[in-house]
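J.:
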Amino acid sequence: MVAIKNLIAAAAASYLGSGYDWAGQSPNGIAFCSLDKFVPMFPSGQTQLVVPSEPPKFLGLAFGVQNYTCSSSNNYTNVGAVAELLDVSCIASESYFSTIQNDLYQVWEIIPQPIQAIIDVLHFLNPPTVLSQHFFQPNPVTGSGVSPVWDFRSNPRFKGHDDAFILAKGNGSIPSPQDPSKDVAWLHVVNVQGDIATDVFRFDTVGGQPPTSCKYGTDKDISVKYVSKYIFYGGSLNY
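Residue numbers (my numbering): 21 to 259.
(1) Where asparagine 211 and lysine 189 are concerned, what is the direct C-alpha to C-alpha distance, given to the nearest angstrom?
(2) Are the CB atoms of serine 243 and valine 85 within a distance shorter than 7 Å?
(3) In the DSSP assignment, find the alpha helix (DSSP H) that holds alanine 82 and state where it starts and stops.
(4) Is the beta carbon of phenylalanine 155 less than 7 Å from the beta carbon of valine 99?
(5) Drop a sphere of 10 angstroms on the beta-carbon of isoleucine 111, count the other beta-carbons inside from all chains shown, and report buried for 16 or more, exposed for fewer.
(6) With DSSP collapsed to three states, give me the class of proline 200.
(7) Go to isoleucine 251, then tell me how far its beta strand (DSSP E) extends in each direction, as first and last residue.
(8) Buried or exposed: tyrosine 253, going by 16 or more other Cβ atoms within 10 Å of its Cβ?
(9) Which value, in whole angstroms, describes the spacing of the CA atoms of lysine 240 and proline 197?
(10) According to the Cβ coordinates, are glutamine 66 and serine 193 closer than 7 Å?
(11) Looking at the unbroken beta strand (DSSP E) that takes in tyrosine 125, where does it start and where does it end?
(12) Below 7 Å between beta carbons: does that hold for aspartate 187 and serine 164?
(13) Quick one: what's got a C-beta closer than 7 Å to serine 256's C-beta in the same chain, skipping five residues either side?
(14) Under 8 Å Cβ to Cβ from leucine 105, same chain only, skipping five residues before and after it: list those, please.
(15) Please name the residue, chosen from Val71, Lys57 and Pro60, that lies closest to asparagine 7 on a Cα-to-Cα basis.
(16) My output table needs one value for serine 152: the three-state DSSP class, helix, strand or coil.
(17) Using a 10 Å radius around the Cβ and a threshold of 16 neighbouring Cβ atoms, would you call glycine 16 buried or exposed?
(18) Could you check the C-alpha separation between threonine 89 and proline 230 for me, to the nearest Å?
(19) Look at asparagine 94 and cysteine 234 and say whether their C-beta atoms are less than 7 Å apart.
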């Protein structure tokens with residue numbers, strides 16, 4: 021946990037240190053390990069989250085915020101998210117991987133710096149554990165609303181690849197199996213633009229849910245911290 025805190029505080033450089041073993045980096049210093057045998061654990065009996073038959077390409081552990089605005093119905097409506105994804109492909113087989121999102125959330129919850137400030141510093145340090153950034157942008161197809169984006173273009177491996185991202189649309193979701201009142205839903209989204217992936221799944225979520233009600237015209241927009249794992253399939257760009 022100390023190692024994770026150091027990373028979020030931008031004190032880590034090439035790997036996280038004592039708490040977790042982030043070995044397996046490629047010779048150019050970019051974290052990478054094969055995910056050929058990794059299969060995410062989704063609840064049985066549901067049909068919303070069904071992974072493709074091929075192995076995944078990227079596995080990220082994200083920390084960030086879910087953004088909400090108070091609607092005229094006096095409840096909070098999601099208007100996007102901002103998050104930083106760490107490359108966790110090299111620790112996917114470790115025993116602690118199944119609960120690492122809880123460790124990260126405990127630290128992220130008490131860090132005072134806003135997520136964008138941390139992202140900016142991490143971009144400056146450029147540690148190889150940084151995989152990509154997650155944010156929302158205006159929907160380029162409909163011209164209204166916003167679409168989720170996972171952007172790998174700051175990753176040195178994809179320097180110069182203008183299509184190293186995925187802009188996506190929703191395809192399925194289930195409530196968090198752990199605590200749906202506290203943890204945001206698990207999701208499956210599919211590609212609309214970009215070459216980095218065809219499918220993205222959000223799972224093992226912690227946090228991110230807003231208060232159950234608000235007062236329209238009085239309560240301000242809020243950002244709620246969350247942690248989750250994201251797994252990416254397909255696409256034409258590879259490590």
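Beta carbons: idealized from backbone N, C-alpha and C, even for Gly.
T.: In brief:
(1) 7 Å
(2) yes
(3) Segment 78-90 is the beta strand (DSSP E) holding alanine 82; no alpha helix (DSSP H) there.
(4) no
(5) buried
(6) coil
(7) 242-253
(8) buried
(9) 30 Å
(10) no
(11) Here tyrosine 125 belongs to no beta strand (DSSP E); instead the alpha helix (DSSP H) covers 120-128.
(12) Strictly speaking, residue 187 in this sequence is leucine, with aspartate absent from that position. Contact flag unset, no.
(13) Asp215
(14) Gly80, Leu81, Ala82, Val150, Leu151, Ser152, Gln153, His154, Trp170 and Tyr250
(15) Any property of residue 7 remains undetermined from this structure, which presents the chain solely from 21 to 259.
(16) strand
(17) Any property of residue 16 remains undetermined from this structure, which presents the chain solely from 21 to 259.
(18) 10 Å
(19) yes
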